[in-house]
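The block underneath contains the structure these notes are about, expressed in structure tokens.
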Amino acid sequence: MHSITKNSQDDAQLRRMIERAFGADQVPQDDGFAHEFTHGWFNAAYRIDLGDGTPVALKIAPPAGVAVLTREHDMMRAELEAMRLVIEQTDVPVPAVLYADLSHEILDADYFFMDFIDADNFGIAAAEGRLTRAEIEAGFRDLGRLNREINQIVGPHFGPLLGEGFGTWREAFGAMFEDMLRDGEAVGIDLGWHPDQLRAVVADHADVLDDVTEPRLIEVDLWGKNSMLRDGRIVGIVDHERAIYGDPIMEAGLTSIDLEGFDEAEPFMQGYGMAGLTPSERARRRLYSIALATVMAVETSYRGHVDMSTYNLARECLDQLMAELGHTR
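Residues 56 to 384 in our numbering are what the sequence shown lists, from first letter to last.
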């Protein structure tokens, strides 16, 4: 997908990055050594075939001069921290980081190489009709099981993995939501609702956030398209850049509880071991869905989208959620 945040590079620059990471003897001499993945919206990502034929994956953060959301500053560094935590504290399959360069000496952005996972992208395979219904449900049960294991990691605070956090989840979520609204106001995005209306609705229902007392590592963005499937099993979890310490009920696998058009929550919940949501969890989930719909709308401006389908969907979702809380325009 086209996005102005994608920091794509030509072959000459990719060869310089390969040499820095793996040495001159691993620099490919022939053309066709780099294949760019196009389905993501934020980072540039490649399969790279090294000089000896070994495939690796390369991920490149947005260029320094491109505006990103507040929460997206230095996000690749947070991703590296999330990967470290998951690798060290769980058995969840995460590709090993082979080399990370945060110096900006040969490129105006962070980047890192990691193991290449030779498998199908689960979400893409499902969307293209290459999986049976039973295979899709089994994949989401597997994803739920793995997501639960990730959520067992306890953090030192709520909010960002790196830097200062918050003492309570209410503070952390409130700060994240405020950043989303301010990012939208900065570019004049029309959410269909005045930002103060959305602020007031979240504030009116924020008491339930105090029920979250232990900061857990949550991926936030663990969809089918951020997992890799081989022989009916999830063999790799990728794209950890949005991970934070927070409430597992915010995980993407539960989105369809509120919103249509997203991956079914039931098999995910079965794999997770979640029979249902308590009243507090249900109320919290609705707040997280409001935040998701808000950021979906706002980020379309920061990505330079021409196709307005995501923006239109986000507006519809916000209208639905606000109506459920007794608010109509």
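Even glycine gets a Cβ: it sits at the ideal position worked out from N, Cα and C.
Residue(s) in a DSSP beta bridge with residue i
i      : result
Glu91  : Tyr101
Lys114 : Ala100, Phe167
Asp175 : Leu284
Val209 : Arg271
Phe221 : Phe213
Ile304 : Beta-bridge pairing links Ile304 to no other residue.
Ile292 : Ser282
First through last residue of the alpha helix (DSSP H) which encompasses residue i
i      : result
Asp170 : Note, Asp170: premise wrong, no alpha helix (DSSP H); beta strand (DSSP E) at 166 to 170.
Asp313 : Unbroken run through Asp313: none, as it is neither H nor E.
Gly301 : Here Gly301 belongs to no alpha helix (DSSP H); instead the beta strand (DSSP E) covers 299 to 301.
Val256 : 250 to 259
Leu469 : Nothing about residue 469 can be reported from this structure: the residues present for the chain run from 56 to 384 only.
Asp374 : 364 to 379
Glu74  : 66 to 77
Glu160 : Here Glu160 belongs to no alpha helix (DSSP H), and DSSP marks it neither H nor E.
Ala352 : 334 to 358
Ala320 : 320 to 327
Sequence-distant residues of its chain with Cβ nearer than 7 Å to residue i (five each side left out)
i      : result
Leu201 : Val147, Ile289, Ile292
Val209 : Glu269, Pro270, Arg271
Glu240 : Pro250
Ala174 : Met283, Leu284, Arg285, Val290, Gly291
Thr365 : Met351, Thr355
Asp234 : Thr125, Arg126
Whole-angstrom distance between residue j and residue i, CA atom to CA atom
i      : j      : result
Leu373 : Ile304 : 19 Å
Asp262 : Leu380 : 15 Å
Glu190 : Ala181 : 9 Å
Ser135 : Ala298 : Looking at the sequence itself, residue 135 is Leu, so the reference to Ser does not match. Near 10 Å, if we compare the C-alpha coordinates of Ala298 and Leu135.
Gly229 : Ala348 : 15 Å
Ala307 : Asp245 : 24 Å
Glu91  : His260 : 43 Å
Thr333 : Gly108 : 52 Å
Gly331 : Pro110 : 42 Å
Phe171 : Thr93  : 16 Å
Gln252 : Asp66  : 49 Å
Arg340 : Arg139 : 28 Å
Val256 : Thr223 : 19 Å
Asp58  : Asp163 : Correcting the residue type first, residue 58 is Ser in the shown sequence and not Asp. Using only the alpha carbons, I get a separation of about 17 Å.
Glu226 : Asn206 : 20 Å
Gly359 : Ala122 : 10 Å
Ala369 : Ala346 : 10 Å
Ala137 : Leu216 : 7 Å
Leu69  : Asp266 : 48 Å
Gly49  : Glu371 : An answer regarding residue 49 cannot be provided, because it is not within the stretch 56 to 384 covered by the chain.
Phe168 : Asp362 : 31 Å
Arg71  : Ile273 : 35 Å
Tyr154 : Gly218 : 22 Å
The beta strand (DSSP E) enclosing residue i, as first and last residue numbers
i      : result
Val152 : 152 to 156
Leu272 : 271 to 273
Sequence-distant residues of the same chain with beta carbon closer than 6 Å to residue i, five excluded per side
i      : result
Lys61  : Ala99
Tyr343 : Met305
Phe177 : Gly194, Gly279, Ser282, Leu284
Glu204 : Thr145, Val147
Met130 : Glu296
Glu336 : Ile304
Leu186 : Ala180
Beta-carbon proximity list for residue i, same chain, < 8 Å, skipping 5 on both sides
i      : result
Gly220 : Gly210, Pro211, His212, Phe213, Gly214, Ala227, Pro270, Tyr300
Tyr327 : Gly199, Arg200, Asn202, Arg203, Gly308
Gln84  : Gly106
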